[in-house]
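Enquirer:
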Amino acid sequence: MENRTEPAAEERIPTVSGGQDQDESCIECMAQTDATPSDANTVDRRDFVAWIAAMSMGATAVFAVTMVGRAVVPPGRSIEGKTKVGKLAVGREDELEPGKPVLAEYGDDVLYVVKMEDSSLKVYNAACPHVACKLAYNESSKEFDCPCHASSFTIDGKLLGGPAPRDMIEAEFEVVEGEIVVSGFRV
Ligand code: FES
Numbered sequence: 100m101e102n103r104t105e106p107a108a109e110e111r112i113p114t115v116s117g118g119q120d121q122d123e124s125c126i127e128c129m130a131q132t133d134a135t136p137s138d139a140n141t142v143d144r145r146d147f148v149a150w151i152a153a154m155s156m157g158a159t160a161v162f163a164v165t166m167v168g169r170a171v172v173p174p175g176r177s178i179e180g181k182t183k184v185g186k187l188a189v190g191r192e193d194e195l196e197p198g199k200p201v202l203a204e205y206g207d208d209v210l211y212v213v214k215m216e217d218s219s220l221k222v223y224n225a226a227c228p229h230v231a232c233k234l235a236y237n238e239s240s241k242e243f244d245c246p247c248h249a250s251s252f253t254i255d256g257k258l259l260g261g262p263a264p265r266d267m268i269e270a271e272f273e274v275v276e277g278e279i280v281v282s283g284f285r286v
């Protein structure tokens with residue numbers, strides 16, 4: 100008959116909760132790093148919370164930049180408009196009075212937006228087609244006059260006289276839900 104005795108308590112391999120025996124080398128590992136399974140979970144949770152916080156701060160920063168951009172750009176303008184002009188709303192059709200040209204900005208260009216007496220719309224570049232001086236609208240003569248070399252144009256952009264080689268430069272535009280949206284110039 101085999102005479103087996105239970106090992107003394109100090110000779111047993113310690114176990115983690117759950118009752119499974121641990122490999123001795125792993126136990127040494129944990130002893131060296133002072134880590135425990137619950138510590139590992141805590142670290143994972145900390146990493147996760149830090150990741151969530153970083154993502155939240157990133158989203159907040161993007162939102163703030165967008166709102167600041169909107170706050171400093173007046174209606175009818177776009178952030179993009181300063182560097183690359185594409186489609187840009189320059190005013191509302193229902194705010195125009197027939198026969199009274201209104202100035203508007205389109206990127207680095209200045210426009211005349213005109214509602215004609217028959218309610219049709221015209222949009223011109225305000226730069227004279229000679230050497231680009233800014234045309235002035237003369238209310239009494241109902242003409243656009245150039246202050247540099249005296250070219251003049253009718254309210255519908257036709258050249259009346261002076262050294263300008265052509266009529267006023269017209270803009271391509273469409274009316275979208277009452278907004279006059281310019282997309283470029285006819286050259
Ligand atoms: S720039 Fe207008 S006529 Fe010369």
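Using our numbering, the letters of the sequence shown map in sequence onto residues 100 to 286.
For glycine and all other residues, C-beta sits at the position ideal for the given N, C-alpha and C.
With a cut-off of 6 Å, give the chain-ordered residues whose Cβ is closer than this to any heavy atom of the ligand FES.
Expert: Cys227, His229, Val230, Cys232, Cys245, Cys247, His248, Ser250, Gly261, Pro262 and Ala263
Enquirer: Counting Cβ pairs, one atom from each stretch, are 3 or more of them under 8 Å apart for the segment 244-251 and the segment 209-217?
Expert: With a cut-off of 8 Å, the segment 209-217 and the segment 244-251 do not count as touching, because too few Cβ pairs lie within range.
Enquirer: Identify the continuous beta strand (DSSP E) that holds Asp255 and give its terminal residues.
Expert: Per DSSP, Asp255 belongs to no beta strand (DSSP E) and is neither H nor E.
Enquirer: Under three-state DSSP, which class holds Asp146?
Expert: helix
Enquirer: Can you name the start and end residues of the beta strand (DSSP E) that Leu195 belongs to?
Expert: For Leu195, there is no enclosing beta strand (DSSP E), since its DSSP letter is neither H nor E.
Enquirer: By the 10 Å Cβ neighbour count, where 16 or more other Cβ atoms means buried, how is Asn237 classified, buried or exposed?
Expert: exposed
Enquirer: Between Glu278, Leu234 and Leu220, which lies nearest to Ala226 when the distance is taken from Cα to Cα?
Expert: Leu234
Enquirer: Leaving out five residues before and five after Glu278 in sequence, what residues of the same chain have Cβ atoms less than 7 Å from its Cβ?
Expert: Ala188 and Arg191
Enquirer: For the segment 192-241, list the beta strand (DSSP E) runs that are entirely contained and at least 3 residues long, ordered along the chain.
Expert: Fully enclosed beta strand (DSSP E) runs of 3 or longer: 201-205, 208-214, 220-224 and 235-237.
Enquirer: Does DSSP put Val281 in a helix, a strand or coil?
Expert: strand
Enquirer: Starting from Glu273 and walking both ways along the beta strand (DSSP E), at which residues does that stretch end?
Expert: Residues Ala270 to Val275.
Enquirer: Helix, strand or coil for Val184 per DSSP?
Expert: coil
Enquirer: Using only CA atoms, which one of Pro228, Pro197 and Val201 lies nearest to Asp217?
Expert: Pro197
Enquirer: Tell me whether Pro228 is buried or exposed, calling it buried when 16 or more other Cβ atoms sit within 10 Å of its Cβ.
Expert: buried
Enquirer: Take Lys257 and list the residues in its own chain whose beta-carbon comes closer than 7 Å to its own, dropping the five residues that flank it on each side.
Expert: Asp266
Enquirer: In whole angstroms, give me the CA-to-CA distance for Pro200 and Ile268.
Expert: Going by C-alpha positions, Pro200 is about 15 Å away from Ile268.
Enquirer: Between which residues of its own chain and Leu220 is the CB-CB distance below 8 Å, once the five residues before and five after are set aside?
Expert: Glu192, Leu195, Val212, Val213, Lys214, Phe272, Val274 and Ile279
Enquirer: Can the beta-carbon of His248 be found closer than 8 Å to that of Gly261?
Expert: Contact: yes.
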